[in-house]
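Working notes, structure below.
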Amino acid sequence: MLQTFSVMRDTVLASVPFFLLMGFLLEQSGLVERLFKGIQQLLAGLRGSLYLATLITATIFAAATGIVGSAVTLLGVMAGPSMIRSGYDPKMCAGAITAGGTLGILIPPSVMLIVMGPVVGVPATDLFAAAVLPGLLLAGLFTVYCLVRCWINPKLGPPLPMSERPTSLGPVVKDLVLGVAPVVVVIMSTLGVILAGIATPTDAGAVGCLATFILTVGSGRMSWAKIKKAAWQTLEVSSMILLLVVASNLFGSVFSRLGSAEFLANMLTGLSLPPMLMLIVILGLIFVLGWPLEWVPIVLIIVPIVLPIVQAAGIDLIWFCTLVAVVLQTAWLSPPVALSAYFLKGVVPQWELKQIYAGMMQFMVLQIIGVGILLAFPQLATWLPKVMGN
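Add 835 to the 1-based position in the sequence shown for the working numbering, that's all there is to it.
Encoded structure:
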């Protein structure tokens, strides 16, 4: 019980509602749609321009908030109709949207990393720094894949029709500036001050939430009904997460007191596997559990159980947490459950579920390649935290 109360008093978890509210306010304000429109019009003459616009918008939106469901839904609403009108391949469209949406799990300020920090005893600021390069690596892999596929087969992503291209550069620049500037302000007021060591995640979340509120209201697109909806969504999701934090911690405490965690740890360590192979086995277990389960029970129940094994193997905890985040992101793209598919199907009903799954599988392969690169080069996760620490 004392351990549970200690977790409940952890001030880092107070940042969860702030980051959630930021995301829901941005979703309701229409600023992200303006950002997407500006990027889309700027790249209109390129093959695969809608893929690029989707992935760039997804990466920027992920750096402003960490809500996967909202990101996939919003990207589907914005990009889906344009992709259908332009004759884009439904499979690649679905893959780009869902893969881009899942970047919010990894790219800070990720709510999952905030929750994972107290669980493993690593500062959330270190996890944020560790996730930056892997997040950009995955976004880069997605982008290069789409460009190469469209270069090989132009039918997959033809340039936008002339009727949808801008007649002058002025409106494009206006949409781009008005879309990018507010999101950049939000990112700098949160992620920027966290990585610079100026503020804690909770303080930065509060400042970022205030900045988001001022910018979204100042945009003239917000109404009292939209603000209430964003607040209610924040209340629902943050209540679920924080309640699960308490319940999962209590379960973990009882589980440990009964000796079950020690039994599992001894069983795995008894296999006498090399540290790297042990790490791959643990990540494989987390990947399989990520099919039917949300990240919350995995981070709060499974990670504490395997943590002693990871520590005994001498595996860097920052590297391990980053790998867990990437693996859980991969699970969001993996059938048979793949929650991202249902989020997208709900807003783009014209695409069949089998097409969405087929597209997601392509990007799941890219995710696995990303996991392999991160396993081979731990410095991708450990370099920036060390630089910040110095």
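Think of the CB as a built atom: it goes at the ideal place given N, C-alpha and C, for glycine as much as any other residue.
Listed in chain order, the non-local C-beta contacts of E868 below 6 Å within the same chain comprise M913, local neighbours out to five positions each way being set aside. If you draw a straight line from the Cα of V903 to the Cα of G936, it comes to about 6 Å.
Residue environment for P996: exposed (fewer than 16 other C-beta atoms within 10 angstroms of its C-beta). Closest by C-alpha distance to R882, out of W986, R920, L910 and S850, is W986. Distance from the CA of L860 to the CA of G956, rounded to the nearest whole angstrom, comes to 31 Å.
If you check the CB distance, L1210 and A964 do not come in under 8 Å. Annotation for S905: the continuous alpha helix (DSSP H) segment containing it runs V903 to R920. Judged by their CB atoms, L856 and T1069 are nearer to each other than the 8 Å cut-off.
Of the candidates G922, L941, S1175 and Y923, the residue whose Cα lies closest to the Cα of I895 is L941.
By the neighbour-count definition (other C-beta atoms within 10 Å, threshold 16), E1187 is an exposed residue.
Counting of Cβ neighbours within 10 angstroms places Y1177 among the exposed residues, the total staying below 16.
Annotation note: the stretch 1143 to 1179 contains the following uninterrupted alpha helix (DSSP H) runs of length 4 or greater, listed N- to C-terminal: 1152 to 1166. In this structure, G1149 keeps its C-beta atom at 8 Å or more from the C-beta atom of G930. Out of L1118, I1144, P852 and I874, the CA that lies nearest to the CA of P1006 is found in I874. DSSP assignment within the stretch 1007 to 1034 yields no whole alpha helix (DSSP H) run of 4 residues or more. The beta carbon of K1180 sits closer than 8 Å to those of W1186, L1188 and I1191, all from its chain and outside the five residues before and after it, given in chain order. The distance from the Cβ of F854 to that of P944 is about 5 Å, consistent with a contact at the 8 Å cut-off. Put simply, the backbone Cα of V1072 is about 19 Å away from that of A1160. Distances from the CA of V1200 to each of L1215, G858, R1000 and L1168 were compared; the closest alpha carbon is that of L1168. When DSSP states are grouped into helix, strand and coil, W1067 belongs to the helix group. Contiguous alpha helix (DSSP H) elements confined to the stretch 936 to 967 occur at 946 to 955, taking only those with 4 or more residues. P958 and M951 have their C-alpha atoms roughly 9 Å apart. If you draw a straight line from the Cα of G939 to the Cα of P916, it comes to about 23 Å.
An exposed status is given to A1060, since fewer than 16 other beta-carbon atoms sit within 10 Å of its beta-carbon. The beta carbons of Y886 and M947 sit no closer together than 8 Å. F1198 is classed as buried because its beta carbon has at least 16 other beta carbons within 10 Å across all chains shown. With contacts defined by Cβ atoms closer than 8 Å, L1030 and A974 do not form a contacting pair. Secondary structure of W1186 (DSSP, three-state): coil. Look at W1126 here: in three-state DSSP terms it is coil, with no helix or strand label. In its chain, beyond the 5 residues on either side, L991 have a beta carbon closer than 6 Å to the beta carbon of D924. Going by C-alpha positions, A1046 is about 14 Å away from L866. With 16 or more other Cβ atoms inside 10 Å of its own Cβ, P969 counts as buried. Relative to S905, the option among L1174, L1078 and I1117 whose CA is nearest is L1174. In the same chain as A893, and ignoring 5 residues on each side of it, the C-beta atoms closer than 7 Å to its own belong to A906, L910, G935, G936 and L938, in chain order.
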